[in-house]
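These notes are about the structure you will find just below.
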Amino acid sequence: MNATSPTHHTVMRSQLGRARGLGSGHSGTDHWIVERVSAASLLPLSGWFVIQMFRLGGEDYEKVARWGGKPVNATLLAALVATSFYHAEVGLQVIVDDYVHGKAHAPAKLLVKIGTGLLGLLGIFSVLKLALGRTAAKG
1 MNATSPTHHT VMRSQLGRAR GLGSGHSGTD HWIVERVSAA SLLPLSGWFV IQMFRLGGED
61 YEKVARWGGK PVNATLLAAL VATSFYHAEV GLQVIVDDYV HGKAHAPAKL LVKIGTGLLG
121 LLGIFSVLKL ALGRTAAKG
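Residue numbers for the sequence shown, in this note's numbering: 1 to 139.
Now the structure itself:
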């Protein structure tokens with residue numbers, strides 16, 4: 001008996017045996033559903049926006065500003081901006097998760113959240129300025 005050599009047990013496991021218990025974190029399904037719902041909500045909003053831009057083509061600034069100052073148009077514009085940037089964030093998170101590894105993963109994810117959030121807020125504030133600026137100028 002050799003008391004100095006450590007006992008080493010080799011465990012033979014298949015690829016499936018190693019993968020078992022390491023499955024999905026069940027966040028992929030929710031992420032997939034969120035992507036589809038945001039994309040589905042963008043369809044009518046984008047269609048509405050394109051039709052309105054064709055309608056307003058060639059109009060002067062004042063007419064377009066009056067159009068944007070109407071409550072229904074401002075609400076739909078804000079919904080379009082918010083949904084667009086949220087959908088962009090979700091899509092970019094998938095890209096970061098799939099293609100950015102190592103130490104760069106966390107900063108890249110944070111950059112996506114901050115970047116899309118700030119740009120979305122800028123868009124919302126622009127819509128609010130358009131909508132509320134028209135009523136403030138009248139009074």
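Idealized CB from N, CA, C, for every residue including glycine.
Around the CB of F54, fewer than 16 other CB atoms lie within 10 Å, so the residue is classed as exposed. Taking C-alpha positions only, A82 is separated from G102 by approximately 31 angstroms. In the three-state reduction of the DSSP assignment, E35 falls in the helix class.
C-alpha of L118 to C-alpha of E59: approximately 30 angstroms in a straight line. Look at V100 here: in three-state DSSP terms it is coil, with no helix or strand label.
Comparing alpha carbon positions, the residue from V90, F49 and L76 closest to W32 is V90. Look at the beta carbons and you see the segment 31-51 not touching the segment 102-117: under three pairs across the two are nearer than 8 angstroms. If you draw a straight line from the Cα of G115 to the Cα of L92, it is about 11 angstroms long. Rounded to whole angstroms, R36 and I95 show a C-alpha spacing of 16 angstroms. In the DSSP assignment, G68 falls within the alpha helix (DSSP H) that extends over Y61 to G69.
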